[in-house]
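Below: the structure, in structure tokens.
Chains as they are written, first to last, in the working numbering: chain B, 1 to 119; chain V, 1 to 278.
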């Protein structure tokens, strides 16, 4: 059983768009959606994802679970960061970095898919 | 004619050897379904046709024909189990033993040869009501565990632990019986007759000479282990994942290493006593 959380996320240094030289990995124009095959259940207050492709379980920490809920594939990371920043009273750039961290971890675990980029 | 019910698998039994017939009916007696009306397919155990023709048939079809006189009975018990699993997929079926305390059941999932039958026998001897030693059947609607009180199968490794449970077998039958004790559960203790809510899940394994210990099991790991033991997951993946998540959510989750059976039973019963209502 994996645990997906902010700490496990790894920022990518790939060619994705960066909005700041301080956060070179952040891709603001991507839209990410929850992989449709994933089953979401709750165990003792934790969000737990079941992946039928390999029958693995992934427990999300609360911050990752909150991001997971936002990943509908229609809203860009930048827009999500704006929502998170407003809700949590955070600087938008910090919210964006946090989002990207979690998204990277979810991608590594193959729990999310990229929707098309907003070009 | 007696009809037997292994969960949703209903069947009758015929045997051409009178003493063996009586023995098999005693083994299967906890599964007798007195309320069932109507014909059910029959197992036929044939052991008197002569060398090389020891046979088991089901619904008129040969399951096995062998020179080994113990093969028909071994196949009968295996076929009943396998067909029960195939016929009962409206329920979530787990490779687990189970027993019931007054306030709820303890589910005992484990891998093969991990000691399910031995542990549930020990618990039944201490007064817990026997539900199953091999297949735990859960109703997805109620999440209640249904009894499948088949005879407890004890392998030779467990015989020295329960010497008083050695079956009294007519010497004539010895060639026909596989090297496994089939112990009707009413010889041991109470047998559950109604569905029971699950109060605790105890994932367990026997380890020779290990220190017996019972520790809390992280609930998501408990869910993972239950999914590993799920016979119906292939056909009912979403149903079973959601059901077992809710079951774990409402149960105490524990991990047991069994070095000594008496200590293990003390620990499990103590843990059940700590659960309100048990």
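Ideal Cβ placement from N, Cα and C applies to all residues, glycine included.
Where residue 22(B) sits in the DSSP three-state scheme | Translated into the one-based positions of the first chain, residue 22(B) becomes position 22. Legend: pLDDT at residue 22(B) = 38, less than 50; position of this residue unreliable, no value from coordinates given.
Are the region 44-58 of chain V and the region 152-165 of chain V touching, with three or more C-beta to C-beta distances below 8 Å?
-> no
Kindly indicate if chain B contains any beta-carbon less than 7 Å away from that of residue 255(V).
-> Against the second chain, residue 255(V) aligns to sequence position 255. It does not: the Cβ of residue 255(V) has no partner Cβ on chain B nearer than 7 Å.
Hey, how far is the Cα of residue 12(V) from the Cα of residue 105(B)?
-> For this step, residue 12(V) is matched to residue 12 along the second chain. For this step, residue 105(B) is matched to residue 105 along the first chain. Cα to Cα, residue 12(V) sits roughly 56 Å from residue 105(B).
Residues near residue 243(V) in its chain [Cβ-Cβ closer than 6 Å; skip 5 each side] = By one-based count along the second chain, residue 243(V) stands at place 243. Only 92, 140 meet the Cβ criterion.
Assign residue 53(B) to buried or exposed, taking buried as 16 or more other Cβ atoms, counted over all protein chains shown, within 10 Å of its Cβ.
-> Here residue 53(B) refers to the residue found at position 53 of the first chain. Label assigned to residue 53(B): exposed.
Residues bridged to residue 38(B) (per DSSP) | Counting from 1 along the first chain, the entry for residue 38(B) is found at position 38. Note: residue 38(B) sits in no beta bridge, so no partner.
Does the beta carbon of residue 39(B) come closer than 7 Å to any beta carbon on chain V?
-> Stepping through the first chain from its first residue, residue 39(B) is reached at position 39. So, interface residue.
Is DSSP giving residue 172(V) helix, strand or coil here?
-> Taking the second chain and counting its residues from 1, one reaches residue 172(V) at position 172. Residue 172(V) falls in the helix class under three-state DSSP.
Determine, using beta carbons only, whether residue 200(V) comes closer than 7 Å to chain B.
-> Residue mapping note: residue 200(V) aligns to position 200 of the second chain, counting from 1. Taking Cβ atoms only, chain B never reaches closer than 7 Å to residue 200(V), which makes this a no.
Interface residues of chain V facing residue 42(B) [CB-CB closer than 8 Å] | Translated into positions along the first chain, residue 42(B) becomes position 42. Here the neighbours are 245, 249.
Tell me whether residue 234(V) is buried or exposed, calling it buried when 16 or more other Cβ atoms sit within 10 Å of its Cβ.
-> Position 234 of the second chain, counted from the first residue, corresponds to residue 234(V). Residue 234(V) should be labelled exposed.
Where does residue 24(B) land, buried or exposed, given buried means 16+ other C-beta within 10 angstroms?
-> Along the first chain, read from residue 1 onward, the residue named residue 24(B) stands at position 24. Because the pLDDT at residue 24(B) is just 38, under 50, the model does not fix this residue reliably, and the value given afterwards should be weighed accordingly. The residue is exposed, with fewer than 16 neighbouring Cβ atoms inside 10 Å.
By how many angstroms is the C-alpha of residue 39(V) removed from the C-alpha of residue 133(V)?
-> Numbered from its first residue, the second chain carries residue 133(V) at position 133. Numbered from its first residue, the second chain carries residue 39(V) at position 39. Near 28 Å, if we compare the C-alpha coordinates of residue 39(V) and residue 133(V).
Quick one: does residue 102(B) have its CB under 7 Å from some CB of chain V?
-> Position 102 of the first chain, counted from the start, is the residue given in the question as residue 102(B). By this cut-off, residue 102(B) is not an interface position.
Which residues in the same chain have their Cβ closer than 7 Å to the Cβ of residue 71(B), if we skip the five residues on either side of it in sequence?
-> In the first chain, residue 71(B) corresponds to position 71, counting from 1. Once the five neighbours on either side are set aside, the close Cβ partners of residue 71(B) are 32, 33, 34, 112.
Contact list for residue 242(V) against chain B, beta-carbon separation under 8 Å = Taking the second chain and counting its residues from 1, one reaches residue 242(V) at position 242. Under the 8 Å cutoff, chain B gives 39, 41.
Proximal residues, the region 63-88 of chain B versus chain V, C-beta separation under 7 Å | none
Report, in whole angstroms, the separation of the C-beta atoms of residue 47(V) and residue 20(V), which I expect to be a contact under 8 Å.
-> Working through the second chain from its first residue, we reach residue 47(V) at position 47. Working through the second chain from its first residue, we reach residue 20(V) at position 20. With 8 Å as the limit, residue 47(V) and residue 20(V) qualify as a contact, their Cβ atoms being about 6 Å apart.
Closer than 7 Å, CB to CB, is residue 48(B) near chain V or not?
-> As a first step, residue 48(B) is located in the first chain; it is residue number 48 there, counting from the start. Yes - at least one Cβ of chain V is within 7 Å of the one on residue 48(B).
Check whether residue 308(V) and residue 257(V) have beta carbons under 7 Å apart = Given a span of 1 to 278 for chain V in the structure shown, any question on residue 308(V) remains unanswerable.
Would the region 82-97 of chain V and the region 223-232 of chain V be scored as touching if the rule is three or more Cβ pairs under 8 Å?
-> yes
Chain B residues whose Cβ lies nearer than 8 Å to that of residue 216(V) | Position 216 of the second chain, counted from the first residue, corresponds to residue 216(V). Chain B residues near residue 216(V): none, gap ~12 Å exceeds 8 Å.
Buried or exposed: which applies to residue 14(B), given that a residue is buried once 16 or more other Cβ atoms fall within 10 Å of its Cβ?
-> Residue 14(B) sits at position 14 when you count from the first residue of the first chain. Summary for residue 14(B): the model assigns pLDDT 28, below 50, so the residue's position carries little reliability, and this model does not support an answer.
Is it right to say residue 149(V) is buried, meaning 16 or more other beta carbons lie within 10 angstroms of its own, or is it exposed?
-> Residue numbering aside, residue 149(V) sits at position 149 when the second chain is read from its first letter. When all chains shown are included, residue 149(V) counts as buried.
Where the region 225-242 of chain V meets chain B: residues whose CB sits under 9 Å from a CB there = 227, 228, 233, 237, 238, 241, 242
Nearest to residue 59(V) by CA position, among 68(V), 70(V), 83(V), is which residue?
-> For the purposes of this step, residue 59(V) is taken as residue 59 along the second chain, with counting starting at 1. Among 68(V), 70(V), 83(V), the Cα nearest to that of residue 59(V) belongs to 83(V).
C-beta neighbour in chain V for residue 57(B), strict 7 Å | Taking the first residue of the first chain as 1, we reach residue 57(B) at position 57. Chain V contact via Cβ: present.
For residue 276(V), collect the residues of the same chain with a Cβ closer than 6 Å to its Cβ; drop the 5 residues on either side in sequence, then sort them by chain order.
-> The count along the second chain starts at 1 and reaches residue 276(V) at position 276. Counting only Cβ-Cβ distances below 6 Å, and skipping sequence neighbours, we find nothing.
Per DSSP, what kind of secondary structure is residue 152(V) in: helix, strand or coil?
-> Here the question's residue 152(V) lines up with position 152 in the second chain. Reduced to three states, the DSSP call for residue 152(V) is strand.
Please decide whether residue 91(B) counts as near chain A, where near means a Cβ-Cβ distance under 7 Å.
-> In the structure shown, chain A cannot be found, because the protein chains are B and V.
Any chain V beta carbon closer than 7 Å to residue 36(B) = By 1-based counting over the first chain, the position of residue 36(B) is 36. Chain V contact via Cβ: absent.
Under 8 Å by Cβ, that's how I've got residue 223(V) and residue 255(V) pegged, so tell me the actual separation to the nearest angstrom.
-> On the second chain, residue 223(V) is found 223 positions in, with the first residue counted as 1. On the second chain, residue 255(V) is found 255 positions in, with the first residue counted as 1. The pair is not a contact, with the Cβ atoms about 13 Å apart (cut-off 8 Å).
Between residue 14(V) and residue 105(V), what straight-line distance do the alpha-carbon atoms span, to the nearest angstrom?
-> Here residue 14(V) corresponds to residue number 14 of the second chain, with the count starting at 1. Here residue 105(V) corresponds to residue number 105 of the second chain, with the count starting at 1. Roughly 35 Å separates the two Cα atoms.
Is the distance from the Cβ of residue 152(V) to the Cβ of residue 185(V) below 7 Å?
-> Position 152 of the second chain, counting from 1, holds the residue named residue 152(V). Position 185 of the second chain, counting from 1, holds the residue named residue 185(V). Contact flag set, yes.
Grab me the residues of residue 65(V)'s own chain with a C-beta within less than 6 Å of its C-beta, minus the 5 sequence neighbours each way, in chain order.
-> Working through the second chain from its first residue, we reach residue 65(V) at position 65. For residue 65(V), where only same-chain residues beyond five positions count, the Cβ hits under 6 Å are 55.
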